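In the working numbering, the protein residues as written are 26 to 783.
Glycine is no exception: its CB is placed at the ideal position from the N, C-alpha and C atoms.
No experiment lies behind these values; they were computed from the predicted model shown.
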Amino acid sequence: MWRALYRNAGNPEAFFEVGYLRSVLRAVGGAAEPADGRNGAVPALPETARRALAWAAAERAEYERVLAHPATGPGTAGPAGGSGAVPEVVAALLTQSLPMASVLGCWLQNLSAPGVFEDEVQLQLMALLAGDVGVGRPEASRYHEFRLLLSLERLTGLTVDAPELADLSAVGEELYALPAVLQALSRRSDAFAFELVGVDFVARSLGVLPCWAALRAHRPTAIQWSRLDLGTAAAGVAADTDVGDPAELSGRIVAACAALGTEPADRVAAGAAWFAEAVRLWSGRVLRACRQALDPEQAMVALVRARAREGAVYHQDYLLEGRPLSNWLREAQQDPRPLLRALAASRLVKPGNSARSVLVNGLVGVRGRMFRIFSPEDLAVIRRWIDQLPARADQLPARADQPAATARTVDRPVPEPPGYPVPSPAPPVSAELGVSPADIRQAYFLLQGRALEPRTRAFALDYVCQWLELSEKSLDSSGKSLPPEWTPEGLRPWLLTQHDQHDQQFVSAADELPDREAVIDSAVQLAPLTLIDGSWLQGFTDLHLASSRIGAPLFQTYWDELGNGQLALNHPKIYRDNLADMGVTLPPTASYEFAHDPRLREESLRLPVYWLCLGKLPVSYLPEILGMNLAMELSGVGGSYRSARRFLKHYGYSTQFVDIHNTIDNVSTGHSAWAADAIDTYLRTHPSRSDPRRLAAEWHRVRVGYESLAPVQPKRGALSALRRTRQPFGTPAGPTALDPAQPRLHHPPISPPVRMSA
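This is the structure:
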């Protein structure tokens, strides 16, 4: 169940019902459950942090004791150049902590949403996430640093991409539980935003988890250890992403939440208490795996239990103490010890002498019946177990060149941690859940958050499909299309040509000057679009997309649009200031009032709604997003931005918004260049690159996405075909009404409301 949840929650487009998430919260965090049943039982936040730090210090000491067990003798060197650590324990520690390493910072990945683009505290949370993903460099996330450590320890079988992590049989099922729940919670940050702030506070306070803190002393130079320290700022990321002390910043964010009232403060405290307990239980399981690795008997028990189910299908004709081995294996799924005692007494094993034992020689050889059944790591566990067994009375004396067996056992029992009370698998989500907008204004309002309930998702998919159908018909008739074919030389030469054409268009339109009212009206009608600047890329805040080779420049573009954590550089905020300079004040973008403001014409909402839909589907429509992103970033550079600057300056209005875009979107080192490079990387690395027809199909999708920024309009007017022509965009069967008196908040702002307006 936990592997399945981990796999499903890793999908950026996943949706989970709140009731189900609360059940898994109880399972993983014990009695400390966020947002439910508090009644004063949750300790105050400072007390939770104090207890967590005290626990971490004691837990680290336990890990250090196991890692430096004297059974290996002094000076034992590990592959990464450290000393004193038992190699089997290091391997167990890294293997079992791998899922947790893969989600460091994931709890922040869905907090950013169009409706809170201007919220200062949300920008600070994004700054923390930017450090976690290593913005400015692909494959520089905290998880990628952990993968480097796996490689240095020669655990290359574990260095897989995120979608494959759930399939690692060497990782225990319950070690996926906490990482899975953290990812799932992040997908519903609309419902758990304050709890996730509490999670972040404890995580940043702890810094490096105890298991890795203990290992660091044995591998001090193996990796950049600060990348596994959530309380330390990332080194080597973009210079404008420096957040100082992440733990201190997380504390300021907690204070901002507390300033909103008792309920947000209580929810933050509940999230912190839950995570402190959940990480304690998780660490106990990793520690137990390390102790098992130190004790050959315990390691063998764990191996047999993990492999018994598949082995029970076979071996019906092999008798062990008069019973089929398949029967032994079925029973071993619960308790492997009787099987181990029987194997130790059989002819398959020479206790104390694995070199002469059939079990790990003839049977697993090229002609053996168990050839390739066990991995090299499995065989090492079996050999260690055999070598520590006491010799039987009927056993021949060991050869002179055979070293005496030495049992590596810990001097304390290995406690069995309590199992998680596993909830039922996630029930199917009702297709009727959510709201299907009845008109474009409702759509703009509903899509301000991140989570897509089924009915709303159906609308988003339908809207995007219709828009792309229109865009496909527009190909090669708009005069602005991408080339019919993509070539391996990439898009940079084409990009420079387009830039030259923009300059020519600007020069040819030098005499045009709209009147003041037209300039103001244009600015107002662009507000629904500009105040969600970058929203088509919102899906790339996903931890693993943001740090991939294709996604890293998209995340950095999105991060730039929001001002790199600085409200003064936030593009929506700059635009609001420009509107205020014109005497126009609009309601907060996420509000019901904004979407229904009579100053905004319906046609001004259609492209923004497409952006809002597309940004929530980063997996389903990756090629189209890549194309749309290039079209948008290139659209004004060298041409329309310069024209707009001339108009604004003529009437005495600020030109900051168009100035900043004309520089950061440049075709050499800016967003336009990054957008072109992301497309080239996508096509050069796509699995279909050796099949010209399939590659052409991917390029066609990119071209349609590029066209979708400004498709040729149908003759009936501005996208009238999208007005009310088919379900679910037409008259829906389910609920659509929204009460203006009680508008639905899709994402909670954390800053005071005044900061969301001009």
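Are the CB atoms of F40 and A476 nearer to each other than 7 Å? Yes, these two residues count as a Cβ contact at 7 Å.
Using the three-state DSSP reduction, which class does P518 fall into: helix, strand or coil? P518: helix per DSSP, three-state reduction.
Proximity winner among H621, L562, H696, T688, relative to P648 (alpha-carbon distances): When only C-alpha atoms are compared, the closest one is L562.
Give the secondary structure of R394 by DSSP, where H, G and I count as helix, E and B as strand, and everything else as coil. R394 sits in coil when the DSSP states are folded into three classes, being neither helix nor strand.
Please work out which residues of its chain come closer than 6 Å, Cβ to Cβ, to R482, disregarding the five sequence neighbours upstream and downstream, and give them in chain order. Excluding residues within five positions, none has a Cβ falling inside 6 Å.
Tell me the DSSP secondary structure of A783 in three-state form. Residue placement at A783 is poorly supported in this model, since its pLDDT is 25, which falls under 50; the coordinates still yield a value, given next. Coil at A783, not helix or strand.
Using DSSP with H/G/I as helix, E/B as strand and the rest coil, what is L388? For L388, the three-state secondary structure derived from DSSP is helix.
Please list the terminal residues of the continuous alpha helix (DSSP H) segment that includes V683. Segment 681-689, the alpha helix (DSSP H) holding V683.
Just verifying my parser: in three-state terms, what is the DSSP assignment at R372? Of the three classes helix, strand and coil, the one that applies to R372 here is coil, per DSSP.
Rounded to whole angstroms, what is the Cα-Cα separation between V338 and R330? Distance from the CA of V338 to the CA of R330, rounded to the nearest whole angstrom, comes to 14 Å.
Going straight from the alpha carbon of H725 to that of W132, what length do you get? Each residue's alpha carbon lies about 35 Å from the other.
For R213, three-class secondary structure by DSSP: Coil, per DSSP.
Name the residue from L136, V160, R213, E164 whose alpha carbon lies nearest to the alpha carbon of Y45. Of the candidates L136, V160, R213, E164, the one whose C-alpha sits nearest the C-alpha of Y45 is R213.
Quick one: residues in its chain with C-beta nearer than 8 Å to the C-beta of L521, no 5 flanking neighbours on either side, listed in chain order? Cβ within range, chain order: V692.
Please determine, among P518, Q147, A82, S371, the residue with the shortest C-alpha to C-alpha distance to C282. It is Q147.
Taking three-plus beta-carbon pairs below 8 Å as touching, is the stretch 132-145 in contact with the stretch 79-90? Touching, no, given that fewer than three Cβ pairs across the two stretches are closer than 8 Å.
Name, in chain order, the residues that DSSP records as bridge partners for P774. Listed as beta-bridge partners of P774 by DSSP are no residues whatsoever.
Kindly give me the distance between the Cβ atoms of H711 and L538, rounded to whole angstroms, as I take these residues to be in contact under 8 Å. With a beta-carbon spacing of about 46 Å, H711 and L538 fall beyond the 8 Å limit used to define contacts.
In the DSSP assignment, find the unbroken alpha helix (DSSP H) run with I575 in it and report its ends. For I575, there is no enclosing alpha helix (DSSP H), since its DSSP letter is neither H nor E.
Measuring alpha carbon to alpha carbon, tell me which of P508, L119, D585, V222 ends up nearest G731. Before going on, a small fix: residue 731 reads as Tyr here, not Gly. With distances taken between CA atoms, Y731 lies nearest to P508 out of P508, L119, D585, V222.
Taking 6 Å as the cut-off, is the beta-carbon of P321 closer than that to any non-hydrogen atom of the ligand SAM? With respect to small molecules bound, the structure shown includes none, and the ligand SAM cannot be examined in it.
Can the beta-carbon of Q467 be found closer than 7 Å to that of A615? No.
Assign V644 to one of two classes, buried (16 or more other C-beta atoms within 10 Å of its C-beta) or exposed (fewer than that). The Cβ neighbour count for V644, taken over all protein chains shown within 10 Å, is under 16; the residue is labelled exposed.
Measuring alpha carbon to alpha carbon, tell me which residue in V311, V634, V532, G256 is nearest S230. Closest by alpha carbon: G256.
Ordered list of alpha helix (DSSP H) runs contained in the stretch 175-241, each at least 4 residues: For the stretch 175-241, the full-length alpha helix (DSSP H) segments reaching 4 residues or more read 202-212, 214-231, 235-241 along the chain.
Does the beta carbon of A272 come closer than 7 Å to any beta carbon on chain B? The structure shown contains no chain B; it holds only a single protein chain.
Burial state of Q317 (16 or more Cβ within 10 Å): Within 10 angstroms of the beta-carbon of Q317 lie 16 or more other beta-carbons, which makes it buried.
For G576, which residues from the same chain have a beta carbon less than 7 Å from its beta carbon, with the 5 sequence-adjacent residues on both sides left out? Closer than 7 Å at Cβ, skipping near neighbours: F565, L570.
Separation of L708 from R718, as counted between CA atoms: Looking at the two C-alpha atoms, the distance is approximately 13 Å.
Cα separation between A324 and P124? Whole-angstrom Cα-Cα distance: 20 Å.
Taking P321 as part of the alpha helix (DSSP H), name the residues at either end of that continuous run. Segment 321-336, the alpha helix (DSSP H) holding P321.
Would you kindly check if the distance between the Cβ of I704 and the Cβ of V729 is under 7 Å? No, the pair does not count as a contact, with Cβ atoms beyond the cut-off.
The stretch 621-628 in contact with the stretch 173-189 per 3-pair CB rule at 8 Å: Touching, no, given that fewer than three Cβ pairs across the two stretches are closer than 8 Å.
How many whole angstroms separate the CB atoms of Q121 and V311, which I take to be in contact at a CB cut-off of 8 Å? With 8 Å as the limit, Q121 and V311 qualify as a contact, their Cβ atoms being about 5 Å apart.
Nearest neighbour of E478, chosen from C490, G269, G130, K641 [CA to CA]: When each option's Cα is compared against that of E478, the closest is K641.
For H524, the nearest candidate out of Y583, I557, G664 (CA to CA): Among Y583, I557, G664, the Cα nearest to that of H524 is on G664.
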